[in-house]
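S.K.: Residue numbers (UniProt numbering): 1 to 830.
In structure tokens form, the structure reads like this:
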């Protein structure tokens, strides 16, 4: 006969325990072990009819008796009935069980178990309406100890008390669930009853809500259950495939007692399938399985809503400093909260939209008096209330109309696609009504949301004046966060890159943590092997990287001797200004609307880049921001040279990625970026050659002082751009270099061979004039030879060829025609 609880087997029938010995044991246990409950003695759980010892005694006495005492009792019992061998086996197994129990007790609890507690009813209080149920909603039989730990797995759900502090919940979101704090909190309120929306309205709400959440990095708070408006939000999450892996963070805050089959959620690190189909006759509700996270709030009640309201109010107030109130309290609170009402969604929303539409500040009373009886009757019918309650609701509706500026009604208008305002734009525009932000703060908010459409329509309006440097700070944020559309918008509205781009700002762009992952760190370790953790890149480091990638005789300006004193002077001035600005940055906090980037204001002492788009193109390429690089390529001068440099850098980065055994996708991505710039450079040369062949040849051969005195032709050779070298424009130049002073005409090669056979025929060959010889392209050797022979003339022609950084007061006007400018400085006198 075996005891299934402890898996012990016995060979013979045990003897009966004498009555006197049983009495003595009973007394010892009663002295040592407290009673479990008022209804039963603990010993009744210990001795069964067959006088076997149950494992329940272990859970009863393990906290009061030492291991030695328990072992002694069991040995004494077994010895008294002549079962020494069984006692020894029992002791061995008991030691193992007790060790496991003690080991489990001393295991450290997780952070969630330590900070979040459940709440249960511990005393049965009969309900006045039904004495078989407690006031908490449970039956009498359910009032007993529930075993197990009741917190959910960190990634899905957690059961917690309604008195949990909101700061612990924020820590749960950020530390345990690894969520970023929201830039916008969207809380969805609505009835619990199921309802149907018009198909067009349902589509607009789904699309607009998700678009507003995705573009702003928002959190969506809902009721969590698969009922009412929460079900509509869940359908929107399903439509976009945003469950868990998407950018939308949807958090359902539901009462624990209302969740159907909530006993299945009990346990530690459980994975429970969540079904969104509830029982038709059940008063409970199921969770909406389209949400990413759930807070199951417990106040001890069952089958009752409202347990989550207190916690949700505290949490929303803590996150956004806005209380969760009914509609009236939203628009009358201090500070007031803007509200978006969806007209056509039914019930209160339709009533508010109606009053908002047909009343104005001037004739409010006349309109409302004429519709008073109609509105009261509609309220009484819609909410199924008595006339007194309908009158009270009507007065609250009037209070809402006194704050019409805070109410924005979203209506489905019969307009062509793209003309009607969408829900997401309505939500974000409504926020501007109550914040009373300055234009720079509004621009910062729109940049954070990445909503360039709102910036165009609401911020950059006619007559708007901007403080000095406000747009520069916005440009810095747009570049860091790779906001291509905002960079275009700021350039259109007057941001001067020549005044914006300074040495500290460019260095900060290279060290920003935002943007896509790149291979700059891997390449930098090749030129600087021992880089400590948290190392800040300098422009000299970037110059070494550029030299390595470009190869050959190319030398970046960041590594030249003339750049060092300029860099040292500027960075010393920047360090002094940065110490002053860091004090404000320390106290501003992460939620401050002001942009605090530690950047220096523009001063006349600050050295600037002559061709800022060239520097930004290199930055975008090295940090693998292809779209930003293409934007910088379209602006500024020397477009052909920029495309060739970008092509060469991308090819070299792809080669380095292959050598460092990085993912094949990175290599293929870099190669595709190089091919894109190859194509753009070839198309640009072809267009120039078809427009003016002579200027196109000069474009290929001019000396580029901002690109290490290289030419486009030499850059094409370095980038191995075979298609560009095979272009007719390049072939004409190469043929010119091969023929030298001989004029290239029809049958020129035949005439040269004939001149070698018949020297007298040489005088019939055509040679170029002296003026044409002066305009001819030169090889690198010829160019260096002429520089050595006529160094003084070269200095007078190019007083400071290497200096790319100009003082503001000495800065010449930007060239209007890059071809003409290049022609003036490109060719040396022969």
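Glycine included, each C-beta is placed from N, C-alpha and C at the ideal position.
Indicate the three-state DSSP secondary structure (helix, strand or coil) for residue 381 in the structure shown.
M.R.: On the chain shown, residue 381 is found 381 positions in, with the first residue counted as 1. Here residue 381 sits in helix by DSSP.
S.K.: State yes or no: is the C-beta of residue 549 within less than 8 Å of the C-beta of residue 506?
M.R.: The residue given as residue 549 occupies position 549 in the chain shown. The residue given as residue 506 occupies position 506 in the chain shown. Their beta carbons are not under 8 Å apart, which means residue 549 does not touch residue 506 by this criterion.
S.K.: What residue does the beta strand (DSSP E) around residue 707 start on, and which one ends it?
M.R.: By 1-based counting over the chain shown, the position of residue 707 is 707. It is not in any beta strand (DSSP E) - residue 707 carries neither H nor E in the DSSP assignment.
S.K.: Measure the C-alpha to C-alpha separation of residue 302 and residue 257 and round it to an integer number of angstroms.
M.R.: Reading the chain shown from its first residue, position 302 is the one you call residue 302. Reading the chain shown from its first residue, position 257 is the one you call residue 257. Between residue 302 and residue 257, the C-alpha separation is close to 4 Å.
S.K.: Taking the beta carbon of residue 757 as the centre, do at least 16 other beta carbons fall within 10 Å, making it buried, or is it exposed?
M.R.: Reading the chain shown from its first residue, position 757 is the one you call residue 757. By the 10 Å Cβ count, residue 757 comes out exposed.
S.K.: Quick one: grab the DSSP three-state call for residue 199.
M.R.: Position 199 of the chain shown, counted from the first residue, corresponds to residue 199. Here residue 199 sits in helix by DSSP.
S.K.: Which residues in the same chain have their Cβ closer than 8 Å to the Cβ of residue 282, if we skip the five residues on either side of it in sequence?
M.R.: Here the question's residue 282 lines up with position 282 in the chain shown. Excluding residues within five positions, the ones whose Cβ falls inside 8 Å are 260.
S.K.: Please report the distance separating the alpha-carbon of residue 236 from that of residue 409.
M.R.: The residue you call residue 236 lines up with position 236 of the chain shown. The residue you call residue 409 lines up with position 409 of the chain shown. C-alpha separation (whole angstroms): 21 Å.
S.K.: Are at least three pairs of beta-carbons, each pair with one atom in the segment 505-524 and one in the segment 541-555, less than 8 Å apart?
M.R.: Contact holds: three or more Cβ-Cβ distances are below 8 Å.
S.K.: What separation, rounded to the nearest whole angstrom, lies between the Cα atoms of residue 445 and residue 455?
M.R.: As a position in the chain shown, residue 445 is number 445, starting the count at 1. As a position in the chain shown, residue 455 is number 455, starting the count at 1. The straight-line gap from Cα to Cα measures roughly 9 Å.
S.K.: Considering Cα atoms alone, identify which of 654, 386, 611, 354 is closest to residue 633.
M.R.: Position 633 of the chain shown, counted from the first residue, corresponds to residue 633. Closest option to residue 633, Cα to Cα, is 611.
S.K.: Which residues in the same chain as residue 833 place their Cβ atom closer than 7 Å to its Cβ, once the five residues preceding and following it in sequence are excluded?
M.R.: Only positions 1 to 830 of the chain appear in this structure, which leaves residue 833 out of reach.
S.K.: Do residue 224 and residue 848 have their beta-carbon atoms positioned less than 8 Å apart in this structure?
M.R.: Since the first residue shown for the chain is 1 and the last is 830, residue 848 is missing from the structure and cannot be characterised.
S.K.: Leaving out the 5 sequence neighbours to the left and right, which residues in its chain are closer than 6 Å to residue 167 when beta-carbon positions are compared?
M.R.: Here residue 167 corresponds to residue number 167 of the chain shown, with the count starting at 1. Nothing meets the Cβ criterion.
S.K.: CA-CA distance, residue 486 and residue 616?
M.R.: Position 486 of the chain shown, counted from the first residue, corresponds to residue 486. Position 616 of the chain shown, counted from the first residue, corresponds to residue 616. Each residue's Cα considered, the two are about 16 Å apart.
S.K.: For the candidate residues 319, 229, 254, whose alpha-carbon lies nearest to that of residue 181?
M.R.: On the chain shown, position 181 is the one that residue 181 refers to. Comparing Cα positions, the closest option is 319.
S.K.: How would you label residue 700, buried or exposed, when you count the other beta carbons within 10 angstroms and need 16 or more for buried?
M.R.: Translated into positions along the chain shown, residue 700 becomes position 700. The residue in question, residue 700, is buried, as its Cβ has 16 or more Cβ neighbours within 10 Å.
S.K.: From the DSSP output, which residues share a beta bridge with residue 298?
M.R.: For the purposes of this step, residue 298 is taken as the residue at position 298 of the chain shown. In DSSP, residue 298 forms a bridge with 161.
S.K.: Please classify residue 609 as buried or exposed, where buried requires at least 16 neighbouring CB atoms within 10 angstroms.
M.R.: As a first step, residue 609 is located in the chain shown; it is residue number 609 there, counting from the start. Buried, since its Cβ has 16 or more Cβ neighbours within 10 Å.
S.K.: Quick check: what's the CA-CA separation for residue 484 versus residue 491?
M.R.: Locating residue 484 in the chain shown gives position 484, where the first residue counts as 1. Locating residue 491 in the chain shown gives position 491, where the first residue counts as 1. Computed Cα separation, rounded: 11 Å.
S.K.: Buried or exposed for residue 715, please, with buried defined as at least 16 other CB atoms from any protein chain shown within 10 angstroms of its CB.
M.R.: Taking the chain shown and counting its residues from 1, the one referred to as residue 715 is at position 715. Buried, by the Cβ-count rule.
S.K.: Exposed or buried, what is residue 760 when buried is set at 16 or more other beta-carbons lying within 10 Å of its beta-carbon?
M.R.: For the purposes of this step, residue 760 is taken as residue 760 along the chain shown, with counting starting at 1. Classification of residue 760: exposed, given that the 10 Å Cβ count is below 16.
S.K.: Just how far apart, CA to CA, sit residue 381 and residue 284?
M.R.: Locating residue 381 in the chain shown gives position 381, counting from the first residue. Locating residue 284 in the chain shown gives position 284, counting from the first residue. One C-alpha to the other measures close to 27 Å.
S.K.: Give me, in chain order, the residues of the same chain whose beta-carbon lies closer than 6 Å to that of residue 424; leave out the 5 immediate sequence neighbours on both sides.
M.R.: Locating residue 424 in the chain shown gives position 424, counting from the first residue. Hits under 6 Å: 208, 211, 212.
S.K.: Who are the near neighbours of residue 674 in its chain, counting only those whose CB is closer than 6 Å to its CB and skipping five residues on each side?
M.R.: In the chain shown, the residue the question calls residue 674 occupies position 674. For residue 674, where only same-chain residues beyond five positions count, the Cβ hits under 6 Å are 647, 650, 651.
S.K.: What residue from 201, 297, 710 has the CA that sits closest to residue 556's CA?
M.R.: By one-based count along the chain shown, residue 556 stands at place 556. Minimum Cα distance to residue 556 is reached at 710.
S.K.: Is the segment 386-405 close to the segment 335-352, with three or more CB pairs under 8 Å?
M.R.: Touching, yes, given that three or more Cβ pairs across the two stretches are closer than 8 Å.
S.K.: So, are the CB atoms of residue 183 and residue 448 less than 8 Å apart?
M.R.: Along the chain shown, one-based indexing puts residue 183 at 183. Along the chain shown, one-based indexing puts residue 448 at 448. Yes, these two residues count as a Cβ contact at 8 Å.
S.K.: Taking the alpha carbon of residue 737 as the point to measure from, which residue in 713, 432, 504, 186 has its own alpha carbon closest?
M.R.: Along the chain shown, read from residue 1 onward, the residue named residue 737 stands at position 737. When only C-alpha atoms are compared, the closest one is 713.
S.K.: Drop a sphere of 10 angstroms on the beta-carbon of residue 204, count the other beta-carbons inside from all chains shown, and report buried for 16 or more, exposed for fewer.
M.R.: Looking up residue 204 in the chain shown gives position 204. Residue 204 comes out buried.
S.K.: What residue range does the alpha helix (DSSP H) around residue 759 cover?
M.R.: As a first step, residue 759 is located in the chain shown; it is residue number 759 there, counting from the start. Premise fails: residue 759 is in no alpha helix (DSSP H) and is neither H nor E.
S.K.: Going along the chain, which unbroken runs of the alpha helix (DSSP H) with 4 or more residues stay wholly within the segment 204-268?
M.R.: DSSP runs (the alpha helix (DSSP H)) wholly in the segment 204-268: 228-240.
S.K.: With residue 519 as the anchor, note down where its beta strand (DSSP E) starts and where it stops.
M.R.: Translated into the one-based positions of the chain shown, residue 519 becomes position 519. Where residue 519 is concerned, there is no enclosing beta strand (DSSP E), given that its DSSP letter is neither H nor E.
S.K.: To the nearest angstrom, how far is it from the Cα of residue 185 to the Cα of residue 670?
M.R.: On the chain shown, residue 185 is found 185 positions in, with the first residue counted as 1. On the chain shown, residue 670 is found 670 positions in, with the first residue counted as 1. Answer to the nearest angstrom: the Cα atoms are 38 Å apart.
S.K.: Name the DSSP bridge partner or partners of residue 342?
M.R.: Along the chain shown, one-based indexing puts residue 342 at 342. DSSP output for residue 342 lists 410 as bridge partner(s).
S.K.: By a C-beta neighbour count over all protein chains shown, 10 Å radius and 16 as the cutoff for buried, is residue 5 buried or exposed?
M.R.: Residue 5 sits at position 5 when you count from the first residue of the chain shown. Residue confidence for residue 5 is low, a pLDDT of 36 falling below 50, so the modelled location carries little weight and cannot support an answer.
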